[in-house]
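S.K.: The structure under discussion is supplied below as structure tokens; questions concerning it will follow.
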Amino acid sequence: MSDYKAFRVELADKVAHVTINRPEKVNAMNADFWSEIIEIFRWVDATDEVRVVVLSGAGKHFSSGIDLMLLAQVGSQLGKDVGRNAETLRRKILELQGSFNAVDQCRKPVLAAIQGYCLGGAIDLIAACDMRYSTVDAQFSIKEIDIGMAADVGTLQRLPRIIGDGMMRELAYTGRTIDGEEARRIGLVNRTFGDASALLDGVMEIAWEIAAKSPIAVRGTKEMIRYMRDHRVDDGLEYVATWNAAMLQSADLRVAMAAHMSKQKPEFAD
Numbered sequence: 113m114s115d116y117k118a119f120r121v122e123l124a125d126k127v128a129h130v131t132i133n134r135p136e137k138v139n140a141m142n143a144d145f146w147s148e149i150i151e152i153f154r155w156v157d158a159t160d161e162v163r164v165v166v167l168s169g170a171g172k173h174f175s176s177g178i179d180l181m182l183l184a185q186v187g188s189q190l191g192k193d194v195g196r197n198a199e200t201l202r203r204k205i206l207e208l209q210g211s212f213n214a215v216d217q218c219r220k221p222v223l224a225a226i227q228g229y230c231l232g233g234a235i236d237l238i239a240a241c242d243m244r245y246s247t248v249d250a251q252f253s254i255k256e257i258d259i260g261m262a263a264d265v266g267t268l269q270r271l272p273r274i275i276g277d278g279m280m281r282e283l284a285y286t287g288r289t290i291d292g293e294e295a296r297r298i299g300l301v302n303r304t305f306g307d308a309s310a311l312l313d314g315v316m317e318i319a320w321e322i323a324a325k326s327p328i329a330v331r332g333t334k335e336m337i338r339y340m341r342d343h344r345v346d347d348g349l350e351y352v353a354t355w356n357a358a359m360l361q362s363a364d365l366r367v368a369m370a371a372h373m374s375k376q377k378p379e380f381a382d
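Going by our numbering, the sequence shown opens with residue 113, and the numbers climb by one from there.
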């Protein structure tokens, strides 16, 4: 692990805890954030010792979204030619999308622990995670509509599969803020906790439970779920049959079955 400007990264008990670490700026997503998150998730993917990721924000808030200074910097690069401006903006948007694609495409499960503000670009980020958990008083909002733009880094593409099309449209069109309890009711978060400390403890417990499972089985399960977003049921059945034709030969299967029969806790290799 390297030293990061926008993040703090710790690894313990097979769980990587990735913390957005700009609390004095409400964890706004600056230029360092967008480049470093790709580096971090490449490291996660390449490090067998990491089995699960917990993503959180330092201080009182998860994240207030994209840093407005970054938007100003992009604006300063624009000139008088509409075509060249469009090309510059398109490249920048695709670059930012790539940062959250790195989270979505990570081979390991990513659990978001959310307290305080989760606004704008932060919704794009948590939509790329496997599961989301929050405090009861967390505040969620698709804020882009209030600054005169459409969300463009994944919210409108990923959120309908999480909370349904109609609810996503309501939140995206109105920009209204919902709290943790409403987020739980609509399925945006799996569970709520009383405060930030209980939240992190609870999410870590879930992460450790997943980390104790066969990493081969977890990897296959995540890949099948991700594959099914864009394919028919029969395509998914064909894919899992081919996948498991190889993966069922893993030693993890024998270890898991022996542990189950002997009522022991299995220990899996990285």
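Yeah, the Cβ is synthetic: ideal placement off N, Cα and C, and Gly gets one too.
Predicted model, so just to flag it, every value in this text is computed and none were measured.
Taking the alpha carbon of Val186 as the reference point, which residue from Gly332, Ala358 and Arg202 has its own alpha carbon closest?
M.R.: Counting from one through the sequence shown, the residue named residue 186 turns up at place 74. With distances taken between Cα atoms, Val186 lies closest to Arg202.
S.K.: Alpha carbon to alpha carbon, how far is Lys220 from Val330? Give it in angstroms, no decimals.
M.R.: The residue given as residue 330 occupies position 218 in the sequence shown. The residue given as residue 220 occupies position 108 in the sequence shown. Looking at the two C-alpha atoms, the distance is approximately 8 Å.
S.K.: Which residues does DSSP list as the beta-bridge partners of His372?
M.R.: Within the sequence shown, numbered from 1, the residue matching residue 372 stands at position 260. DSSP, once it has assigned bridges, lists no residue as partnering His372.
S.K.: Check each candidate in Arg296, Ile152, Asp125 and Leu123 and name the one with the smallest Cα separation from Lys117.
M.R.: Reading the sequence shown from its first residue, position 5 is the one you call residue 117. Answer by Cα proximity: Ile152.
S.K.: Return helix, strand or coil for Gln209, following the three-state DSSP convention.
M.R.: Translated into the one-based positions of the sequence shown, residue 209 becomes position 97. Note: Gln209 maps to helix in three-state DSSP.
S.K.: Tell me, to the nearest whole angstrom, how far the beta carbon of Ile226 is from that of Ala170; I am working on the premise that it is less than 8 Å.
M.R.: Here residue 226 corresponds to residue number 114 of the sequence shown, with the count starting at 1. Here residue 170 corresponds to residue number 58 of the sequence shown, with the count starting at 1. Between Ala170 and Ile226 the Cβ distance is about 13 Å, and since that is not below 8 Å, they are no contact.
S.K.: Apart from the five residues on each side of it in sequence, which residues of its chain come closer than 6 Å, Cβ to Cβ, to Ser211?
M.R.: In the sequence shown, counting from the first residue as 1, residue 211 sits at position 99. Cβ neighbours of Ser211 beyond the five flanking positions: Trp146, Ile149 and Ile150.
S.K.: Provide the residue(s) that pair with Met261 in DSSP beta bridges, ordered along the chain.
M.R.: Residue numbering aside, residue 261 sits at position 149 when the sequence shown is read from its first letter. According to DSSP, Met261 bridges with nothing at all.
S.K.: How many Å lie between Tyr351 and Lys334 at the Cα?
M.R.: The residue you call residue 351 lines up with position 239 of the sequence shown. The residue you call residue 334 lines up with position 222 of the sequence shown. Their Cα atoms are separated by approximately 13 Å.
S.K.: Return helix, strand or coil for Ser147, following the three-state DSSP convention.
M.R.: The count along the sequence shown starts at 1 and reaches residue 147 at position 35. Here Ser147 sits in helix by DSSP.
S.K.: Who are the Cβ neighbours of Thr304 in its own chain at under 7 Å, not counting the five residues just before and after it?
M.R.: Position 192 of the sequence shown holds residue 304. Ser246, Thr247, Val248, Gly292, Glu293 and Arg296.
S.K.: List, from N- to C-terminal side, the alpha helix (DSSP H) runs of 4 residues or more that fit wholly inside the region 209-253.
M.R.: Runs found: 233-239.
S.K.: Whose CA, out of Cys241, Gly278, Gly232 and Leu360, lies closest to the CA of Ile257?
M.R.: As a working mapping, residue 257 is identified with position 145 in the sequence shown. When only C-alpha atoms are compared, the closest one is Gly232.
S.K.: Between the region 120-128 and the region 313-332, can you find at least three pairs of beta-carbon atoms closer than 8 Å?
M.R.: Yes: the two stretches touch, three or more of their Cβ pairs being nearer than 8 Å.
S.K.: Within 10 angstroms of the Cβ of Gln251, are there 16 or more other Cβ atoms? Answer buried if so, exposed if not.
M.R.: Within the sequence shown, numbered from 1, the residue matching residue 251 stands at position 139. So Gln251 counts as buried.
S.K.: I need the straight-line Cα distance from Pro327 to Ile259, nearest angstrom please.
M.R.: Taking the first residue of the sequence shown as position 1, residue 327 is located at position 215. Taking the first residue of the sequence shown as position 1, residue 259 is located at position 147. Taking the straight line from one Cα to the other gives about 42 Å.
S.K.: Which of the three DSSP states, helix, strand or coil, is assigned to Thr354?
M.R.: For this step, residue 354 is matched to residue 242 along the sequence shown. Three-state DSSP puts Thr354 in a helix.
S.K.: Pick out whichever of Glu379, Arg244 and Gln269 has its Cα sitting closest to the Cα of Arg174.
M.R.: Taking the sequence shown and counting its residues from 1, the one referred to as residue 174 is at position 62. The residue asked about is misnamed: residue 174 is Phe in this sequence, not Arg. Taking only the C-alpha atoms, the option nearest Phe174 is Arg244.
S.K.: At the level of alpha carbons, what is the spacing between Met340 and Thr289?
M.R.: Start at 1 with the first residue of the sequence shown, and residue 340 comes out as number 228. Start at 1 with the first residue of the sequence shown, and residue 289 comes out as number 177. Distance between the alpha carbons of Met340 and Thr289: 30 Å.
S.K.: Below 8 Å on the Cβ atoms is my guess for Gly299 versus Ile318; work out the distance and round it to an integer in Å.
M.R.: Within the sequence shown, the letter at position 187 stands for residue 299. Within the sequence shown, the letter at position 206 stands for residue 318. Contact flag wrong, Cβ pair sits at about 17 Å.
S.K.: If I'm right that Leu237 touches Val315 with Cβ under 8 Å, what's the distance once you round it to whole angstroms?
M.R.: As a first step, residue 237 must be located in the sequence shown, where it is residue number 125. As a first step, residue 315 must be located in the sequence shown, where it is residue number 203. With 8 Å as the limit, Leu237 and Val315 do not qualify as a contact, their Cβ atoms being about 15 Å apart.
S.K.: Could you have a look at Val156 and say whether DSSP puts it in helix, strand or coil?
M.R.: Within the sequence shown, residue 156 is the residue found at index 44, counting from 1. Three-state DSSP puts Val156 in a helix.
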